[in-house]
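Note that our numbering numbers the sequence shown so that position 26 is 26, with each residue one more than the last. Yeah, the Cβ is synthetic: ideal placement off N, Cα and C, and Gly gets one too. Computed from a prediction, not measured in an experiment: that's the story for all the values here. Report on the following structure.
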Amino acid sequence: MGKLTSILCCLISISTAIAAPGNPPAARPAVPANAAKPADPAIQPSRYAGEDPDAYAAELAKRLAIANRETDAFCQPQDPDAKPVTKIVSAKTKPRTTTAEPQAPLSDIVSQIKVTTIMPKDKRFFVNDRSFGVGDKIPLNYRNKTIRTQITEVSSSRIVFRNTESGEVGVLKLNLLPAGMTRGTKGITAPGMTPADPNAPLEIDSPSTQSVGPVTP
1 MGKLTSILCC
11 LISISTAIAA
21 PGNPPAARPA
31 VPANAAKPAD
41 PAIQPSRYAG
51 EDPDAYAAEL
61 AKRLAIANRE
71 TDAFCQPQDP
81 DAKPVTKIVS
91 AKTKPRTTTA
101 EPQAPLSDIV
111 SQIKVTTIMP
121 KDKRFFVNDR
131 SFGVGDKIPL
141 NYRNKTIRTQ
151 ITEVSSSRIV
161 FRNTESGEVG
171 VLKLNLLPAG
181 MTRGTKGITA
191 PGMTPADPNA
201 PLEIDSPSTQ
211 SVGPVTP
């Protein structure tokens, strides 16, 4: 027991001396100056920097990927003396000149209006449920262009429009007949009868002509 107690006392005194404040830590063993250095110091720990840390840092910088790039992470030139690249501006091409499509005649445009009812006495007509008369101004939309017109005539045979800007006149001819029917041009003749010829000669002395005596009161 006496030897065991004396060993424990020695261990306690040694640990107390190490932990006591004011005692400097044990110095790291220095790397000998003539120690062999690795072949590539850029990928080795920094303890191999030796007496020239600047050369070691420069060697590390050469290994960085940014060293081989023209621009930095912000897409700016890494060379402070680099001149801005002048962009070559190609010669301006002349805009293509498109030939404007000629405007159709006003008569061709108004001929596409579907008139449903005509009232010649009132000088009015209907397009579906809309009513128009002489003097009314109607804007016509034709091929994405607005044509401002005014009605100048309404009859049973035609409707006349006038372009208020150019003065052009367009005529809408009417033929309000049922499908399959056409307007006659020779008049109406009863079956079995021949129309009288106004230029036929008047028969005066012929066997079929009976004389009529004087009429007495």
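Counting C-beta pairs with one atom in each stretch, the region 70-79 and the region 131-139 have fewer than three that are closer than 8 Å, which means they do not touch.
The beta-carbon separation of residue 172 and residue 113, rounded to 6 Å, stays under the 8 Å limit for a contact. Restricting attention to 167, 87, 120, 203, the CA atom closest to the CA of residue 159 is found in 120. With a cutoff of 7 Å on beta-carbon distance, residue 148 and residue 168 are scored as not near each other.
Taking 7 Å as the cut-off, the beta carbon of residue 133 is found closer than this to the beta carbon of residue 124. With contacts defined as CB atoms closer than 7 Å, residue 67 and residue 56 fail to qualify as a contacting pair. Per DSSP, residue 110 is one residue of the alpha helix (DSSP H) stretching across 106-110. Assignment of residue 62 by DSSP, reduced to helix, strand and coil, places it in the helix class.
Per DSSP, residue 146 is one residue of the beta strand (DSSP E) stretching across 145-154. Collapsing the DSSP output to three states places residue 47 in a helix. Under the 10 Å beta carbon count, residue 154 is surrounded by 16 or more other beta carbons and is classified as buried. Annotation: residue 199 is outside any beta strand (DSSP E) and is labelled neither H nor E by DSSP.
Ranked by Cα distance from residue 109, the options 94, 85, 59, 145 are led by 145.
By DSSP's assignment, residue 169 forms a beta bridge with 162. In the DSSP assignment, residue 174 falls outside any beta strand (DSSP E) and carries neither an H nor an E. Here the C-alpha atom of residue 202 lies approximately 15 Å from the C-alpha atom of residue 195. Annotation: the continuous beta strand (DSSP E) that includes residue 117 extends over 117-119.
Where residue 138 is concerned, the enclosing beta strand (DSSP E) starts and stops at 137-142. The DSSP-derived three-state label of residue 53 is helix.
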